[in-house]
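Take 1 as the starting number for the sequence shown in UniProt numbering and just add one per residue. Glycine included, C-beta positions come from ideal geometry on N, C-alpha and C. These numbers come from a predicted model, not from an experiment. Data first, discussion second: the structure below is written as structure tokens.
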Amino acid sequence: TEEESITEEESITEEESIIEEDNSSIDNEEVKIDASNFWEGIDPDRLKIYFKNIDSINSSTLYNEFVKLLTDFNLDINNSKNNEILFLIIKKLVDLGEIQKAYNLIKSIQLPNDENLIFYKTLELNFLFSTYQLNEACELKDDFNLQELKLPNYYLEKADIFCLVMEEKLDEANLLNSILVETEVNNDQYFQDLLNIILNPKNDNEKVSLTLTKDYFEDLIFLYSAMLRIAELPLTEKFLQIDPNNLSIPIILSNATELELRIKAANKAYLNNLISIESLAALYQSVDFNSDQLNNPLETLEKLQNQNELIMAYFFQLAN
Numbered sequence: 001t002e003e004e005s006i007t008e009e010e011s012i013t014e015e016e017s018i019i020e021e022d023n024s025s026i027d028n029e030e031v032k033i034d035a036s037n038f039w040e041g042i043d044p045d046r047l048k049i050y051f052k053n054i055d056s057i058n059s060s061t062l063y064n065e066f067v068k069l070l071t072d073f074n075l076d077i078n079n080s081k082n083n084e085i086l087f088l089i090i091k092k093l094v095d096l097g098e099i100q101k102a103y104n105l106i107k108s109i110q111l112p113n114d115e116n117l118i119f120y121k122t123l124e125l126n127f128l129f130s131t132y133q134l135n136e137a138c139e140l141k142d143d144f145n146l147q148e149l150k151l152p153n154y155y156l157e158k159a160d161i162f163c164l165v166m167e168e169k170l171d172e173a174n175l176l177n178s179i180l181v182e183t184e185v186n187n188d189q190y191f192q193d194l195l196n197i198i199l200n201p202k203n204d205n206e207k208v209s210l211t212l213t214k215d216y217f218e219d220l221i222f223l224y225s226a227m228l229r230i231a232e233l234p235l236t237e238k239f240l241q242i243d244p245n246n247l248s249i250p251i252i253l254s255n256a257t258e259l260e261l262r263i264k265a266a267n268k269a270y271l272n273n274l275i276s277i278e279s280l281a282a283l284y285q286s287v288d289f290n291s292d293q294l295n296n297p298l299e300t301l302e303k304l305q306n307q308n309e310l311i312m313a314y315f316f317q318l319a320n
């Protein structure tokens, strides 16, 4: 009706308008946004408000165009206003779970030497650890050392120790760790526990499950995730709680992690446009239900009570 049409037109929000040009059109097939010189007229303070109000985008087409708009940054970063816009864009990409696109954007430009440089450098290292590109992470860490960068919570020093262990330079790693323990004011017990397990592989790691308690640093979570995968130890749900967007993929790929948690991470990743429906289906299919379970749904569902992720996988297998 005409009344319903007016209501629908009034529902367009201010944050949606920043990604629509006068001549753009949205239909079921395609969204077109002219990104040329888009960022030149943006005020950083208003951009903060826009980004704060854009928590999720349900339309995958609109989401993809929004991310494309964020990554089409072509402003002169010698301008302080543009530097602030760049920081807000990269931070928003990370918040959306698009850490790879944030990393690619960082690598495509000459970063300004401003107060956000440490944030960018930490993000680079986080991305490489989260995607298990350990050789590249260690090389980048060496570059940072040459630049005499200092990252919070002894991130570089701990990455140094981890890389030395992987290179089997154990004496040097132990020496640096002894210095770290004496130097670090706030003890990172989680790092020490992980390091001890990696250095003593004869222990039965299958029975070990490290829980993040109070003695860890949240900004080192990507380093921890890489160390857990080297030690073939499971990632816990705490990792998913800390950064559900950017740590969902490492959890999915960790064979040592409980399958239920991997499915939970996959569900989140799919809803956030990070994995395809085919990838989610493959994980559902990997749950090993036997013929008795598949042939007795009522009994099986009773046993799976409150295990929502396994129930979803069960229904998927029943339907297929």
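Would you call the CB atoms of residue i and residue j closer than 9 Å?
i	j	result
Phe-222	Asn-126	yes
Ile-197	Leu-233	yes
Val-94	Leu-69	no
Ala-256	Leu-280	no
Glu-40	Leu-75	yes
Cys-163	Leu-134	yes
Tyr-50	Ile-57	no
Leu-310	Leu-294	no
Asn-113	Thr-71	no
Lys-92	Ile-54	yes
Pro-201	Ala-231	yes
For residue i, I'd like the list of residues in its chain whose CB is within less than 7 Å of its CB, leaving aside the five on either flank, ordered along the chain.
i	result
Leu-86	Phe-73, Ile-77
Ile-106	Ile-90, Tyr-120, Leu-123, Glu-124
Leu-117	Leu-111
Glu-29	Low confidence applies here, because Glu-29 scores a pLDDT of 43, under 50, leaving its location unreliable; read the following figure in that light. Excluding sequence neighbours, Glu-29 sits near nothing in its chain.
Ile-242	Glu-218, Ile-221
residue 340	Because the chain in this structure spans residues 1 to 320, residue 340 falls outside the shown range and cannot be described.
Asn-82	Leu-75, Asp-76
Classify residue i as helix, strand or coil using the three-state DSSP reduction.
i	result
Val-94	helix
Phe-217	coil
Pro-201	coil
Lys-150	coil
Ile-179	helix
Asp-160	helix
Ser-80	helix
Ile-54	coil
Tyr-132	coil
Asn-174	helix
Phe-239	helix
Asp-114	coil
Thr-122	helix
Val-67	helix
Ile-251	helix
Leu-274	coil
Pro-234	coil
Lys-268	helix
Leu-75	coil
residue 331	The question about residue 331 has no answer, for the chain in this structure spans 1 to 320.
Leu-298	helix
Could you name the residues of the same chain whose beta carbon sits closer than 6 Å to that of residue i, not counting the 5 residues immediately before and after it, in chain order?
i	result
Asn-245	Gly-97, Asn-272
Ala-266	Ile-252, Leu-280, Leu-283
Once the 5 residues before and after residue i are set aside, which same chain residues still bring their CB inside 8 Å of it?
i	result
residue 340	Because residue 340 is not part of the residues shown, which for the chain are 1 to 320, the question remains open.
Ile-6	For Ile-6, the pLDDT reaches just 43, beneath the cut-off of 50, and the residue's location in the model is therefore unreliable, although a value from the coordinates is still provided. There are no such residues.
Leu-180	Tyr-154, Glu-157, Lys-158, Ile-161
Lys-48	Leu-88
Phe-144	Lys-121, Leu-125, Leu-151, Leu-156
Leu-176	Glu-157, Asp-160, Ile-161, Leu-164
Assuming residue i contacts residue j (C-beta within less than 8 Å), just tell me the rounded distance between them.
i	j	result
Tyr-132	Ala-226	6 Å
Tyr-314	Leu-304	6 Å
Lys-141	Asp-171	Actually they are not in contact, since the Cβ atoms of Lys-141 and Asp-171 sit about 19 Å apart, beyond 8 Å.
Ile-277	Tyr-270	7 Å
Ala-137	Leu-128	4 Å
Leu-259	Glu-237	Not really, about 13 Å apart at Cβ, beyond 8 Å.
Ser-248	Lys-268	5 Å
With 9 Å as the threshold, decide whether the Cβ of residue i is near any Cβ in chain C.
i	result
Glu-148	Protein chain content of the structure displayed is limited to a single chain, and chain C is not contained in it.
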